[in-house]
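Let me begin by presenting the structure, written as structure tokens, before commenting on it.
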DNA sequence: GCGTATAATGTAAGCGCTTTCAGAAAACGT
DNA sequence: ACGTTTTCTGAAAGCGCTTACATTATACGC
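Structure representation (structure tokens):
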């Protein structure tokens, strides 16, 4: 293995002399930045075709001071959430003609410690999509002050920074699913399994839960609030713990599908049937939801769309156009079986 | 929103004059490409620090003719498989000091149709990791002939191209899990739910299944071979169909976890218990496996590691070092409940 | 037709780095 | 001491493009 002839790619000069024009003209037909005679365009295009020429990105970047690439900053998450998001971002980026450079906070030495002069930032990209909590506030500020176009996904900007932010209608979705539990099934002892404390999506989902309770005259029982971390294991433990206390319970609203799955495991281990003994519902409608037994009733979050919207906001920012300071994507109730409904 | 002061970043010249040296020296301390007096190094480093200087990638690329980025080509897959793979690739790339540019075949106009002068290829990257079937053979050949370092993930190279290839010990893993079914549980009517026809991993898993059958004197019954597509829906339909025929059946070996999930659904819908009536096992051990009910016995495939190894092979190739022509990563049996074992 | 506005092309100056090449400084040998 | 290596440093030439700016061909007006 190994040992292969290197090769040298044609440059714009080759194309120019092949077509019998100057490199400026070649550049113009490539970028369509100035009128060129139809005949010339044809000649140049033929030359490009024949030589199999493709402009070299680095040179264009250097000369044109735009990288045509967008950076994506991810925290060290795993999970079901991630994939559709990436898909949305990737496809959005390509539609707009941008390349996608990915950087996970994982690979960075000291995510929190402050300093992480991320190689991505102001150097290789025209703008950055920053997923919740993958950047310290300090670093975010620095990039912002620097003037780098930024869009936040599932996180609102720190005080004073006008960074567009895209996320879901979390409160609304949560309220609706909890109301479903109350109105359709008549549950009254509904536990909530939250996400991590600092996570905004989780916060608003909790608010939605509270709102639904209030709207139906139910009082919030703090014993029914379990802190999860978007992790099935933690959820399972938390629910097992709750079950141990003997607090009455007829449903669990998990702030994410993975926690819902963990809750189901705990319930099952305790010999409880779902949904007959305790109903379980989730949030996100990730791939996982339909695979669970019973299939999970949840709130569909347009994850992929969020990625796409984030890109389009970023592109507007890059182009100096106006952007929405916050975009809330609508969610939708997905009824399956785990809430007690029998459909499908 | 919008309207922010742009800003101009310091260049190597700024650093040079700040430190009172020439840009050549600055370059040398940055790249450690030639000896520099300790005192000078310190001065330069202080300058870099103070000015918050970071070299501009495009300029380095242009001057140094290396991009320091690796491209990843993905097909339009969804799925559980994807995430750990990306994680492995991403972290591997960063460990080796490379950026990661992602490109999904999805975004390409005509993936199969041949022509797709992918912007990634020879222009913005030092090398490419190509996931199975994200590139036509023709395109692959072109890039190879061009001399671009290439590594294939889960696909062997076309005739005559010496491209390193990393994948799992599929046959071995499949054989072992099927033998588990036969030896430990005594099943004899074991159906197989394959992946898509052209997929090599799937092919070898099927071979492993056959091998296990043969080794135990069982004859292969073609009625028990169901063609899946790594998709739960298709698997579900296929299994439902099989059940309809009344062919005796005591276990199903699915070539991937998602199909296993689909199989489980079909079984459940037919009123069959898992594993009492029919056992189900999978392959891959994706996140999904442990969430299923009952938890899925499967073969753990080191997906993340595969990504990491692919990167390291690619980096060797880039550096002109020798590489393995094929890397088979060992798999491991993961016993849960769906096979009939009771552990955990 | 002639002057002038307009379209089409070419010339050349960088973009911010890396890297020869050569010169200056320091270290060595005897 | 003096020549000779060995270190260290700087000047300058690109890398392959984009983009003013200048120039030339073509169109228009009357």
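Chains as they are written, first to last, in this note's numbering: chain A, 1 to 344; chain B, 345 to 688. Even glycine gets a Cβ: it sits at the ideal position worked out from N, Cα and C.
- The DSSP-derived three-state label of residue 131/A is strand.
- Within the DSSP bridge table, the entry for residue 34/A names no partner.
- At the C-beta level, residue 86/A and residue 578/B stay beyond 9 Å of one another.
- DSSP, read as helix, strand or coil, puts residue 64/A in helix.
- By alpha-carbon distance to residue 91/A, the top candidate from 25/A, 321/A and 309/A is 309/A.
- With contacts defined as CB atoms closer than 9 Å, residue 537/B and residue 634/B fail to qualify as a contacting pair.
- By the neighbour-count criterion, in which 16 or more other beta carbons inside 10 Å mark a residue as buried, residue 206/A falls on the buried side.
- Here the stretch 675 to 684 of chain B lies against the stretch 513 to 530 of chain B, with 3 or more beta-carbon pairs under 8 Å apart.
- Of all residues in the stretch 379 to 396 of chain B, none has a C-beta nearer than 7 Å to a C-beta of chain A.
- Bounds of the beta strand (DSSP E) holding residue 102/A are 99 to 104.
- For residue 520/B, there is no enclosing beta strand (DSSP E); the enclosing alpha helix (DSSP H) has its first and last residue at 514 to 523.
- In this structure, residue 163/A sits near residue 152/A, with a CB-CB distance shorter than 9 Å.
- In the structure shown, the three-state DSSP call for residue 40/A is helix.
- Relative to the Cα of residue 227/A, the nearest Cα in the group 242/A, 307/A, 83/A and 9/A belongs to 242/A.
- Under the DSSP assignment, residue 70/A falls outside any alpha helix (DSSP H), being part of the beta strand (DSSP E) whose first and last residues are 69 to 74.
- For the 9 Å CB-CB criterion, residue 609/B and residue 576/B form a contact.
- Think of a sphere of 9 Å around the beta carbon of residue 468/B: the chain A residues whose beta carbon falls inside it are 56, 57, 58, 69 and 99, in chain order.
- Around residue 553/B, the same chain offers 518, 519, 522, 534, 536 and 597 as residues with beta carbons nearer than 8 Å, after the five sequence neighbours per side are excluded.
- Checking the DSSP bridge columns, you'll see residue 509/B partnered with 496/B and 670/B.
- When 7 Å is used as the limit between beta carbons, residue 605/B is near these residues of chain A: 291, in chain order.
- The beta-bridge partner set that DSSP reports for residue 625/B consists of 597/B and 641/B.
- Classified as exposed, residue 503/B has fewer than 16 neighbouring CB atoms from the shown chains inside 10 Å of its CB.
- In the DSSP annotation of this structure, the continuous segment of the alpha helix (DSSP H) that includes residue 437/B starts and ends at 426 to 439.
- For residue 534/B, the beta-bridge partners assigned by DSSP are 595/B.
- The beta-bridge partner set that DSSP reports for residue 334/A consists of 298/A.
- When secondary structure is reduced to three states using DSSP, residue 218/A falls in the coil class, being assigned neither helix nor strand.
- Residue 227/A: member of the beta strand (DSSP E) spanning 225 to 227, first to last residue.
- Taking C-alpha positions only, residue 201/A is separated from residue 129/A by approximately 17 Å.
- Of the other Cβ atoms in all chains shown, 16 or more fall within 10 Å of the Cβ of residue 84/A; this residue is therefore buried.
- Straight across, the Cα-Cα distance linking residue 211/A with residue 217/A is about 10 Å.
- In terms of CA proximity to residue 146/A, 353/B leads the group 684/B, 685/B, 660/B and 353/B.
- DSSP places residue 400/B in the coil class of the three-state scheme, outside both helix and strand.
- Taking a C-beta cut-off of 7 Å against chain B, the contacting residues of the stretch 299 to 318 of chain A are 317, listed in chain order.
- Rounded to whole angstroms, the separation of the alpha carbons of residue 165/A and residue 144/A is 14 Å.
- For residue 405/B, the neighbours in chain A by C-beta distance under 9 Å run, in chain order, 56, 57, 58, 59, 61 and 62.
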